Amino acid sequence: MVEIFMPKAGMDMKEGHLIRWLKNVGDPVELDEPIMEIETDKITMEAEAPGTGILLAKLIEDGTTVPVLQTIGYIGQPGEKVPDNIPVVQAEVSLDVAEAVDSTPSVASLVTSAVNGVPATPYAKKMADERGIDLASVPRHPGLPVFGKDVASALSQNHQSAATPLARKYAQAKGVDIQEVSGSGVGGKIRKEDVLAAAQSSNRIPLTPIRKAIARNMYNSLQSMAQTSDSVEIDVTELVALRKRLVERQELLGTRITVNDLLSYAAVKMLRTHPLANASLDGDEIITYPYVNLGIAVATDYGLTSPVIHGADCMSLVEMSKAVREMVTRARERRLAASDQQDATFTLTNMGVFPVDNFNPILPAPQSCIVGFGRCVEKPAVHDGEICIRVRMVLSVTYDHRVFDGGEVGSIMATLKEYLETPELFLVQ
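Below, the structure is given as structure tokens:
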């Protein structure tokens, strides 16, 4: 028999959040096969099975957060007994695997108990007690205990019948869960007014582990560093034209160069002559790094993440383009490893896909500098003594004022401005 632990995906990881099990009790499991999906404060990932056999027991439910290395399940052979001292944090066993549970007495005894002669899982009993449901009145599959889904089904039917047809119609239109609505009518009948009141009430959304980490890191960064931001509007007409020419050669290059690739490459080249922008403060010392690990801010459906391009200073433009594309794809598909988000020395964030011209990015601790770019906008501007339409963009720099002063930041911005307005300069570096 093999224990399933909540994996520890990083040195700083204290707890993990089980999003969902990928296997049911009784399902066959192969070594290294994905068995569950978990979320840490940095990544979402699939965890692999530590052994081969069948899933004998789940000790926690989907949506549960537990400390790392806590036992959360068992894999073994049919008929093996699960230890008797398992913590009672039971997952519901679905009906389609009930036969497997029933054929394993040790597991069945863990998840069922008799209440007034009616066999029920602890979760079903708890739900029935909380909602005032008589387990004897809950329909169940012959020969099987009452499961939580049986109680939920009974509650749903009872609640639906306790609502007026108009209330049910409004609930569906407003996206209100009718089971969460308290009725004010005769005998607790749910009326239209009850649904409308529920639709207007505030909604408390629990923070996910990743959202908690973002909130904590942003707050700590602002509290622990002397952050200041400066910005300047630059002319990127030539940069956009260069990108267009490179796109026309994408088959030759083996990648489709983006504006973000050019911005990233130029920023990394800038660091060669401005080492304090690739540094951090440690006590009474400033640490400058002989390498560049480039953090790329990526917006995903689960929050902001910053995958890291390690050794970016040793890459060509094509190599960086491919590396950035791979990291962004993995971030949005929730396939980042913990090592993919560690040890950034400098970060770039680009809001160009949004209608944002100017913003002040928050500096990720302990880095000394982050650069941000707004969208490209065509607008009238003076060029070579004439007014014409040019492509303009705002460059923003947030820096730790403890590491360097405004004069150095002005020099950093001047270098970036020169590179991006005359892109040949950074391409030949």
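For the sequence shown, position 346 (counting from the first letter as 1) is numbered 345 according to numbering that gives the first Met the number 0, and the numbering increases by one without interruption. Note that the Cβ used here is the ideal one computed from N, Cα and C, for glycine as well. Bear in mind that the values here come from a model prediction, so they are computed numbers and not experimental data.
(message) Measuring straight from C-alpha to C-alpha, what distance separates VAL390 and CYS375?
(response) 6 Å
(message) Please identify the residue among LEU424, GLU32, PRO33, PHE403 whose C-alpha is closest to the C-alpha of LYS268.
(response) LEU424
(message) Please identify the residue among ASP40, GLU2, ASP31 whose C-alpha is closest to the C-alpha of GLY9.
(response) ASP40
(request) Grab me the residues of PRO164's own chain with a C-beta within less than 6 Å of its C-beta, minus the 5 sequence neighbours each way, in chain order. (result) none
(request) Compute the distance between the beta-carbons of GLY302 and ILE213, then report whether it is under 8 Å. (result) yes
(request) Pull up the distance between the alpha-carbon of SER183 and that of LYS173, whole angstroms please. (result) 19 Å
(message) DSSP three-state label for GLN89, please.
(response) Reliability fails at GLN89, whose pLDDT of 41 lies under 50, so the model's placement of it is uncertain and the value that follows must be treated cautiously. Coil, per DSSP.
(message) Check this for me: beta carbons of ARG36 and LEU55, under 8 Å apart or not?
(response) Residue 36 is actually Glu in this sequence, not Arg. Against a cut-off of 8 Å, the Cβ pair of LEU55 and GLU36 comes out as no contact.
(request) Report, in whole angstroms, the separation of the C-beta atoms of MET392 and GLY371, which I expect to be a contact under 8 Å. (result) Contact doesn't hold; Cβ gap of about 11 Å is too wide.
(message) Suppose you measure from the CA of LYS191 to the CA of ARG167; what does that come to, to the nearest Å?
(response) 8 Å
(request) Return the Cβ separation of VAL145 and VAL117 in integer angstroms, given the expectation that the two are a contact with Cβ distance under 8 Å. (result) 6 Å
(request) Measure the alpha-carbon distance for ILE177 versus LYS57 and round it to whole angstroms. (result) 30 Å
(request) Compute the distance between the beta-carbons of ASP260 and SER320, then report whether it is under 8 Å. (result) yes
(request) Leaving aside the five residues before and after ASP95 along the sequence, list all residues of the same chain whose C-beta is less than 8 Å from its C-beta, in chain order. (result) Confidence in ASP95 is poor, its pLDDT being 37 and thus under 50, which makes the residue's placement unreliable; the coordinate value appears in the next sentence. For ASP95, where only same-chain residues beyond five positions count, the Cβ hits under 8 Å are ASN23.
(request) Note down, in chain order, each residue of its chain lying with its Cβ closer than 7 Å to the Cβ of LEU30, except the 5 sequence neighbours on either side. (result) ALA48, GLY50, THR51
(request) Count the other CB atoms, across all protein chains shown, that sit within 10 Å of the CB of LYS124; report buried if there are 16 or more and exposed otherwise. (result) buried
(message) Going by C-alpha to C-alpha distance, which of GLN222, ASP193, THR344, PRO354 sits closest to TYR288?
(response) THR344
(request) Using alpha carbons as the reference points, say which of ALA413, SER230, ALA135, MET12 lies closest to ILE209. (result) MET12
(request) Would you mind sorting VAL246 into buried or exposed? The rule is 16 or more other CB atoms within 10 Å of its CB. (result) exposed
(message) Using the Cβ count rule (16 or more neighbours within 10 Å means buried), how would you classify GLY15?
(response) buried
(request) Starting from GLY436, follow the beta strand (DSSP E) in both directions and report where the run begins and ends. (result) The first residue shown for the chain is 0 and the last is 428, placing residue 436 beyond what the model contains.
(message) Just to confirm, is the Cβ distance from THR397 to ILE361 under 8 Å?
(response) yes
(message) So, under 8 Å CB-CB, ILE71 and ILE18 are touching, yes? Tell me the CB distance rounded to an integer number of Å.
(response) 13 Å between Cβ atoms; not a contact.
(request) Classify GLN366 as helix, strand or coil using the three-state DSSP reduction. (result) strand
(message) Rounding to the nearest angstrom, what Cα-Cα distance links LYS7 and ALA311 in this structure?
(response) 28 Å
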